[in-house]
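Structure first, then comments.
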DNA sequence: TTCTTTTTCTTTCAGCAGCAAACATTTCCC
DNA sequence: GGGAAATGTTTGCTGCTGAAAGAAAAAGAA
């Protein structure tokens, strides 16, 4: 029997029973248990099933996991960026945080400080920032985007226009190889544009792994940023490219700076 | 049965019941209690639940961060009020929730519904309401009050004035013995006044233990409400007094109604 | 309150089943 | 036939589970 045939049978079995025991499948297919395990391994890799002691169960993509298998490494990289960003914030600064995971972490970090004014459209960031009780936190109003806990839309933009800030920390959803920024929705794009206009200095927060990925909506070239904070792992070619575009680059620990 | 299967069943059970007892799960899964505890331990590690003495409760990633431990009895009373309030909300309603703990619980309850438009100045309520992804949730903007996760101030009021809603659920900080309402801050008072003006129907959510307490700032008589939802334990004298003031009274299970 | 009882939890141990790794064998294809 | 890929076998090890005993927490009694 061919491997592909076994796979097909296993899939069929799983779809019917939603679970499969190694012993049972080994019996049905008349192959050794090792082979079944190896098949399971491949199918797990394909995302079809989840292996478990004794067998496997059907993979349910909609299953609620919360932050079960959070990527610890990405998290550490983000934390690195947060530390650098926080160091750039001066006491009594008025800053804006656009929505995103790194900004949520930054907000939490800044909640330890005092005397800051923090403006944001991300509800989680707003709550994080207000935790310490020593800063002034302003949350923009508007309709909540379903997947990312931030508000957006015309109300948000109108709210935003009333403010002027010293510095805005921006997160995007993709950065192409020639350093063009992109985001996943029209609303996000509009908000970032508005925030950029309302700020003296614009800083991009970006995990180095984001580079090379493209999101749905093009936002503009990286030169719309005054500075970028990313991880040291960023490939040298990008470091040089950013430097040549006169954007300040902070790679977490050691800064590799161009002109302002 | 595989460990992964048990995990999945426990997850499902928790999502449906919000809490799970060791004994009960041990019974359902037909495994020893030790095994259930070990499963709980793993799921706790994954951030899915929080273990308690005797069982576990669902870990709500947002709620948990912003709440201290709650008084269980008060919580049950509040839940009673929430059930009644939720029953009053019709599909496609446009409702406003002012800040407060009961409204945060109500928001979570309503997140199971769909087609609602929910307006609120409480960030936790906003996040709770948007959890299901099937409702339109609008969060008012403004400055965050340090102690209660809601926004207020002139921006909030200006935001609020743009909207008109079918029903507003109001929470206050105190109700005197002659049924005058009071709150703890000027901002809160202004927001409630504004919300009352923007709504067809005003409902007060109030734990029966609140009566007799007075907060800093007087808001007005209970007649500014169209209806009140509280617990059955409310003393009869108050029930009669509310009835005589022509305010509809819902005492959770059985409604004791006056005229509109 | 303080003490006692009961329930629940943690830890340890033992038995078993399942597993990975290395190596052996078979099959397939050139 | 020779090499590569797939499959099978053996071995020692790990992980899962439940029982039991002691620790801790909650509930009840004085």
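Residue numbers (my numbering), protein chains in the order written: chain R, 231 to 490; chain P, 231 to 490.
For each residue, glycine too, the CB sits at the ideal point set by N, CA and C.
heavy atom of the ligand ZN below 8 Å from residue i C-beta
| i | result |
| --- | --- |
| residue 362 of chain P | Of the ligands one can find in the structure shown there are none, so the ligand ZN has no counterpart to examine. |
Beta carbon proximity, residue i to chain R, threshold 9 Å
| i | result |
| --- | --- |
| residue 377 of chain P | yes |
| residue 392 of chain P | yes |
| residue 356 of chain P | yes |
| residue 282 of chain P | no |
| residue 238 of chain P | yes |
| residue 270 of chain P | no |
| residue 452 of chain P | no |
| residue 230 of chain P | There is simply no residue 230 of chain P to check, as chain P begins at 231 and stops at 490 in what is shown. |
| residue 414 of chain P | no |
| residue 243 of chain P | no |
| residue 296 of chain P | Caution applies to residue 296 of chain P, whose pLDDT of 42 falls short of 50 and renders its modelled position unreliable; the value that the coordinates give is listed next. Answer yes: the Cβ-Cβ gap between residue 296 of chain P and chain R drops below 9 Å somewhere. |
| residue 429 of chain P | no |
| residue 234 of chain P | yes |
| residue 373 of chain P | yes |
| residue 381 of chain P | yes |
| residue 360 of chain P | yes |
Per DSSP, the bridge partner or partners of residue i
| i | result |
| --- | --- |
| residue 373 of chain R | R:382 and P:368 |
| residue 548 of chain R | This structure gives no information on residue 548 of chain R, because the portion of chain R shown stretches from 231 to 490. |
| residue 352 of chain R | R:380 |
| residue 433 of chain P | P:399 and P:457 |
| residue 413 of chain P | P:447 |
| residue 327 of chain P | P:350 and P:399 |
| residue 279 of chain R | R:288 |
| residue 240 of chain R | According to DSSP, which records beta bridges pairwise, residue 240 of chain R is partnered with nothing at all. |
| residue 405 of chain R | R:411 and R:441 |
Inter-residue CB distance, residue i and residue j (contact presumed, cutoff 8 Å)
| i | j | result |
| --- | --- | --- |
| residue 325 of chain R | residue 398 of chain R | 7 Å |
| residue 401 of chain P | residue 330 of chain P | 3 Å |
| residue 287 of chain P | residue 259 of chain P | The Cβ separation is near 18 Å, so there is no contact. |
| residue 352 of chain R | residue 333 of chain R | 6 Å |
| residue 236 of chain P | residue 261 of chain P | 7 Å |
| residue 444 of chain R | residue 419 of chain R | The pair is not a contact, with the Cβ atoms about 14 Å apart (cut-off 8 Å). |
| residue 327 of chain R | residue 337 of chain R | 6 Å |
Inter-residue spacing [alpha-carbon to alpha-carbon] between residue i and residue j
| i | j | result |
| --- | --- | --- |
| residue 363 of chain P | residue 316 of chain P | 17 Å |
| residue 415 of chain P | residue 342 of chain R | 25 Å |
| residue 459 of chain R | residue 263 of chain P | 50 Å |
| residue 456 of chain R | residue 281 of chain R | 48 Å |
| residue 251 of chain P | residue 257 of chain P | 10 Å |
| residue 386 of chain R | residue 279 of chain P | 34 Å |
| residue 422 of chain R | residue 433 of chain R | 11 Å |
| residue 269 of chain P | residue 345 of chain R | 45 Å |
| residue 376 of chain P | residue 276 of chain R | 48 Å |
| residue 335 of chain P | residue 266 of chain R | 48 Å |
| residue 461 of chain P | residue 389 of chain R | 39 Å |
| residue 378 of chain P | residue 323 of chain P | 26 Å |
| residue 297 of chain R | residue 451 of chain P | Per-residue confidence for residue 297 of chain R stands at a pLDDT of 49, beneath the threshold of 50, marking its modelled position as unreliable; no derived number is given. |
| residue 284 of chain R | residue 395 of chain P | 56 Å |
| residue 347 of chain R | residue 361 of chain R | 13 Å |
| residue 314 of chain P | residue 306 of chain P | 13 Å |
| residue 232 of chain P | residue 232 of chain R | 28 Å |
| residue 449 of chain R | residue 384 of chain R | 18 Å |
| residue 309 of chain R | residue 469 of chain P | 55 Å |
| residue 436 of chain R | residue 454 of chain R | 14 Å |
| residue 293 of chain P | residue 273 of chain R | Caution applies to residue 293 of chain P, whose pLDDT of 48 falls short of 50 and renders its modelled position unreliable; the value that the coordinates give is listed next. Going from the Cα of residue 293 of chain P to the Cα of residue 273 of chain R covers about 37 Å. |
| residue 484 of chain P | residue 466 of chain P | Low confidence applies to residue 484 of chain P: its pLDDT is 46, below 50, so where it sits in the model is not reliable enough to give any reading. |
| residue 479 of chain P | residue 431 of chain R | 55 Å |
Contact with chain P by residue i, beta-carbon distance below 9 Å
| i | result |
| --- | --- |
| residue 370 of chain R | yes |
| residue 330 of chain R | no |
| residue 367 of chain R | yes |
| residue 321 of chain R | no |
| residue 421 of chain R | no |
| residue 389 of chain R | yes |
| residue 257 of chain R | no |
| residue 363 of chain R | yes |
| residue 249 of chain R | yes |
| residue 324 of chain R | no |
| residue 345 of chain R | no |
| residue 353 of chain R | yes |
| residue 285 of chain R | yes |
| residue 276 of chain R | no |
I'd like to know if the region 361–374 of chain P and the region 399–412 of chain P are in contact, where contact means that at least 3 CB-CB pairs between them fall below 8 Å.
no
Indicate whether the contact test is met: 3 or more Cβ pairs, each with one atom in the region 352–359 of chain R and one in the region 420–431 of chain R, closer than 8 Å.
no
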